[in-house]
Amino acid sequence: MLPVLVIFLMMSFLLIMVTEDYFSRRELLGNTKDYYLARALEELSIMEMEVSDTTTVQTFYFEEGKVDIQRNKNDQRFQIETSLNNQYKRTSLRTIDEKKVR
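Residues 0 to 101 in numbering that gives the first Met the number 0 are what the sequence shown spells out, letter by letter.
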């Protein structure tokens with residue numbers, strides 16, 4: 000009876016570890032996908048952005064989410080806030096090359 004109980008406990012422990020590893024890998028994969036999707040939306044927004052002195056905030060809407068680009072008037076840095084439809088949010092501060100912008 001004792002060997003059966005020990006084998007049962009070892010198999011239960013192994014099942015718990017495999018399940019925990021699966022969920023952590025699944026979460027990491029989802030976070031990685033969201034990160035790269037947000038970066039792609041930011042790059043698309045930068046390509047479509049028009050730099051002028053009158054506009055300080057530009058918003059771009061996509062099927063997956065939206066990107067808000069706010070220009071800092073003191074220098075050439077832009078604050079980019081990306082919000083995906085699945086509640087993923089990312090904020091970055093970047094200097095944008097004028098060659099990429101229209």
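For every residue, glycine included, the Cβ atom is placed at its ideal position computed from N, Cα and C.
Just so it is clear, the structure is predicted and the values come from calculations on it, not from any experiment.
About 7 Å separates the beta carbons of PHE77 and GLN69, which is inside the 8 Å limit, making them a contact pair.
Going by DSSP, GLU47 is part of no beta strand (DSSP E) but of the alpha helix (DSSP H) stretching over 1-47. Rounded to the nearest whole angstrom, the CA to CA distance from ASN30 to LEU43 is 20 Å. By the 16-neighbour rule on beta-carbons within 10 angstroms, VAL17 is exposed.
Of the residues assessed, LEU83 falls on the buried side of the cut-off, its CB having 16 or more other CB atoms within 10 angstroms. Residue pairing of TYR60 in beta bridges, as defined by DSSP: LYS65.
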